[in-house]
Amino acid sequence: MYTQSFNVPDGASKPNERQTVSAVLTPAQQAVLEAAQVKFDAVIDADGKIEPKDWMPDAYRKTLVRQISQHAHSEIVGMLPEGNWISRAPSLKRKAILIAKVQDEGGHGLYLYSAAETLGTSRDQMLDALHTGKAKYSSIFNYPTLTWADVGVIGWLVDGAAIMNQIPLCRCSYGPYARAMIRVCKEESFHQRQGYEALLAMMKGTQAQQDMVQDAVNRWWWKCLAMFGPPDTDSPNSVQGMRWGIKRISNDDLRQKFVDATVPQARILGVTLPDPELKWNAERGHHDYGNIDWDEFWATVNGNGPCNKERLATRVKAHQDGQWVREAAMAHAQKKSARLAAQQEAA
Ligand code: BYC
544 MYTQSFNVPD
554 GASKPNERQT
564 VSAVLTPAQQ
574 AVLEAAQVKF
584 DAVIDADGKI
594 EPKDWMPDAY
604 RKTLVRQISQ
614 HAHSEIVGML
624 PEGNWISRAP
634 SLKRKAILIA
644 KVQDEGGHGL
654 YLYSAAETLG
664 TSRDQMLDAL
674 HTGKAKYSSI
684 FNYPTLTWAD
694 VGVIGWLVDG
704 AAIMNQIPLC
714 RCSYGPYARA
724 MIRVCKEESF
734 HQRQGYEALL
744 AMMKGTQAQQ
754 DMVQDAVNRW
764 WWKCLAMFGP
774 PDTDSPNSVQ
784 GMRWGIKRIS
794 NDDLRQKFVD
804 ATVPQARILG
814 VTLPDPELKW
824 NAERGHHDYG
834 NIDWDEFWAT
844 VNGNGPCNKE
854 RLATRVKAHQ
864 DGQWVREAAM
874 AHAQKKSARL
884 AAQQEAA
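For the sequence shown, this note's numbering gives the first residue as 544, with consecutive numbering after it.
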């Protein structure tokens, strides 16, 4: 039985949020709260689902808002590096595939913002946090896409890493997030395959094409390993996230699964993963790999990667440029409901 939710300090709650501070409650209210807490713990223990209208500890709600909104921002900012290549795709077929993929990422962002909204946070609040640099999004999207091979490598490795991380989220204890992830994972799987297939085609091409693929793999490999987050020993959110069934597999375990799955794929493709320490360890039954540059990772997460400023500026401009669309949609909705009200009154 988990009882940690009573022990987690809650920050300032909004007035409409349920309180877990027993000092401000009457004994009757306290009994109701304790019953709700027991029910919440039982659902978590039984590996069940928490739904938006269920009582949940404030800290559980905050953790989910943090993770789901960061995830949504990652999907939306993740449209940019590949979006750069839509106008330069080498064929009509590749252009059509890339447009569909980038559009899918936008869709993933929308499912995730909707899932976060069920926790009582508004889209405006989340976007404001992104645009003012308060919210995080995945480190991986702060690197440039220098050649067409980068688009294939993003599909193969970045989407491959994303699937590895996201499949366990389909079993997340929060219902709306888990259900959104099922659909997202199906689409990510297509993304990974299209990237790998594009690279296979290039590897059957000229030496220049093959060199381009190897160069892209060299630049993205270590960034993809870092994408899984800091080592378990330096991951402040992991223990609680796993107790609550939000996170199912730790950062290091997912990273290891990704390395083990990718090595044979690289062999088939004919590329070398840029790590001289990468080798099979029969004793562990896994591949050993070299050290990740965590200083570079944190510099990027903290806003100082090669493309952070450009990515944020592009998002802010897109949001500002879209203001008239939001205003028009609101005006239309208001007119529609006024018309409906008038019709109902006349009837
Ligand atoms: N980049 O205690 P930890 C996609 C932060 S979208 C930046 O381990 P947690 C795709 C972390 O947020 C990919 N920040 O945290 C889209 C925390 O900071 P705060 C995104 C990172 O939450 C388009 C601090 O480091 N996927 O794949 O337990 C095209 C300590 O970390 C990163 C998701 O968002 C990072 N890489 O675990 C193609 C999946 N890693 O918040 C592909 C959902 C860590 O305390 N998210 N941080 O200030 C998760 O699964 C988890 O949030 C993480 C981190 C594994 C990312």
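Note that CB positions come from ideal geometry on N, CA and C, so glycine has one too.
Quick caveat: nothing in here was measured; it's all calculated off a predicted structure.
Rounded Cβ spacing between residue i and residue j (contact assumed at less than 8 Å)
i, j, result
"I683", "G652", "Actually they are not in contact, since the Cβ atoms of I683 and G652 sit about 15 Å apart, beyond 8 Å."
"W765", "L700", "Not quite, the Cβ-Cβ distance comes to about 10 Å (not below 8 Å), so this is no contact."
"V760", "V696", "6 Å"
Same chain, Cβ closer than 6 Å to residue i, neighbours up to 5 away in sequence not counted
i, result
"K638", "A632"
"S617", "Y680, S681"
"Q752", "M745"
"N824", "D831"
"S634", "none"
"L689", "none"
"T843", "S682, N685"
Neighbour-count burial assignment, residue i, 16 or more Cβ in a 10 Å radius
i, result
"N794", "buried"
"G650", "exposed"
"V567", "exposed"
"K878", "exposed"
"H875", "exposed"
"D693", "buried"
"Q572", "exposed"
"A856", "exposed"
"G784", "buried"
"I811", "exposed"
"V581", "exposed"
"L712", "buried"
"M873", "exposed"
"D601", "buried"
"G813", "exposed"
"R490", "Missing from the structure shown is residue 490; the chain here goes from 544 to 890 and no further."
"R869", "exposed"
"T858", "According to the sequence as given, residue 858 is Arg; it is not Thr. The residue is buried, with at least 16 neighbouring Cβ atoms inside 10 Å."
"G698", "buried"
Which listed residue (the options) has its alpha carbon closest to that of residue i
i, options, result
"R722", "D777, A659, F771", "A659"
"H614", "E594, L673, A571", "L673"
"E648", "T661, C767, G626", "G626"
"D667", "Q886, H862, A872, V581", "H862"
"I725", "I706, L742, A842, L743", "I706"
"M669", "I611, C713, G698, T690", "I611"
"L768", "G833, I642, A643, S630", "G833"
"T661", "K596, I640, S634", "K596"
"L821", "V806, P624, G813", "V806"
"A704", "F771, E740, A741, A678", "F771"
"A741", "P711, W691, R762, R714", "W691"
"W841", "D777, R858, P817", "D777"
"K589", "R762, E853, P624, R714", "A quick correction: the sequence has Ala, not Lys, at residue 589. Among R762, E853, P624, R714, the Cα nearest to that of A589 is on R714."
"R762", "G813, P779, K729, P817", "P817"
"A809", "G663, K729, L743", "L743"
"E853", "Y656, P624, K747", "P624"
"K605", "Q887, E839, T664", "T664"
Beta-carbon contacts of residue i that lie in its chain and below 8 Å, excluding the five residues immediately before and after
i, result
"K860", "none"
"D702", "E731, H734, Q735, G738"
"I593", "F583, V586, I587, M599, Y603, S716, Y717, G718"
"A678", "S612, Q613, H616, M669, A672"
Cβ shell of residue i (< 7 Å), same chain only, five flanking positions each side left out
i, result
"C850", "N685, Y686, P687"
"S781", "D775, K790, S793, N794"
"V727", "H651, Y654, Q709"
"A579", "W598"
"M622", "V645, E648, G649"
"H829", "Q799, D803"
"I835", "W765, L768, A769"
"Y656", "A615, R666, M669"
Cβ pair residue i, residue j closer than 8 Å
i, j, result
"W867", "P773", "no"
"L607", "Y720", "yes"
"Q750", "T815", "no"
"G848", "G676", "no"
"I642", "I629", "yes"
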